[in-house]
Amino acid sequence: MKEKITAVNRTLFELETGILLFGILCQIPVIWVKDKAGYSLGLWIGIVTAALGAFHMWWSLDRALELPEKAAVRSMSTHNVIRYLVFVVVIGGIAVSGIANPLSAFLGIMSLKASAYMHFITRRISVKIYGEEVLPPLTEEPADGQDR
6 MKEKITAVNR
16 TLFELETGIL
26 LFGILCQIPV
36 IWVKDKAGYS
46 LGLWIGIVTA
56 ALGAFHMWWS
66 LDRALELPEK
76 AAVRSMSTHN
86 VIRYLVFVVV
96 IGGIAVSGIA
106 NPLSAFLGIM
116 SLKASAYMHF
126 ITRRISVKIY
136 GEEVLPPLTE
146 EPADGQDR
């Protein structure tokens, strides 16, 4: 199991972990909500959508890094629009169909943003699974415009 987890990109793992933790935290107030099933279903549809959006973000960024600069900018912009359209379609579909609470779905999708702010927590989990990150040494820039 650990091999599968560590094969995933570390930053993506931290983002997905934060999304899941945020979903669990947002599930707690279901005790005080009248429509418990609608709230929960909307929330977890949003959480799954956010997790898929995080994966798509990682995939498109990884793919764009291999492209020339102009093509990379165009690719990232296209994929950002696609991701946001999917988010709108999911929330709109929930609102029109009435199968769940669209506001809780929006809250679930916002877990993508909340997860980025929870980095200090998810980083600790990542260190326990992956170990400390060993970064290559920094190269020093020549001072005062001197060449090497």
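If you use the working numbering, the sequence shown corresponds to residues 6 to 153, in order.
Just so it is clear, CB atoms sit at the ideal spot from N, CA and C, and this is done for glycine as well.
The structure presented is a predicted model; accordingly, all values stated were derived computationally and were not measured.
Are the Cβ atoms of residue i and residue j separated by less than 8 Å?
{"i": "residue 35", "j": "residue 45", "result": "yes"}
{"i": "residue 29", "j": "residue 113", "result": "no"}
{"i": "residue 95", "j": "residue 110", "result": "yes"}
{"i": "residue 105", "j": "residue 43", "result": "yes"}
{"i": "residue 55", "j": "residue 117", "result": "yes"}
{"i": "residue 124", "j": "residue 19", "result": "yes"}
{"i": "residue 90", "j": "residue 80", "result": "no"}
{"i": "residue 24", "j": "residue 120", "result": "yes"}
{"i": "residue 47", "j": "residue 87", "result": "no"}
What are the start and end residues of the alpha helix (DSSP H) that includes residue i?
{"i": "residue 63", "result": "41-69"}
{"i": "residue 134", "result": "124-135"}
DSSP three-state label for residue i, please.
{"i": "residue 85", "result": "helix"}
{"i": "residue 23", "result": "helix"}
{"i": "residue 104", "result": "coil"}
{"i": "residue 17", "result": "helix"}
{"i": "residue 117", "result": "helix"}
{"i": "residue 38", "result": "coil"}
For residue i and residue j, I'd like the C-alpha separation in whole angstroms.
{"i": "residue 135", "j": "residue 21", "result": "15 Å"}
{"i": "residue 127", "j": "residue 115", "result": "17 Å"}
{"i": "residue 33", "j": "residue 122", "result": "20 Å"}
{"i": "residue 63", "j": "residue 27", "result": "19 Å"}
{"i": "residue 60", "j": "residue 14", "result": "10 Å"}
{"i": "residue 129", "j": "residue 93", "result": "33 Å"}
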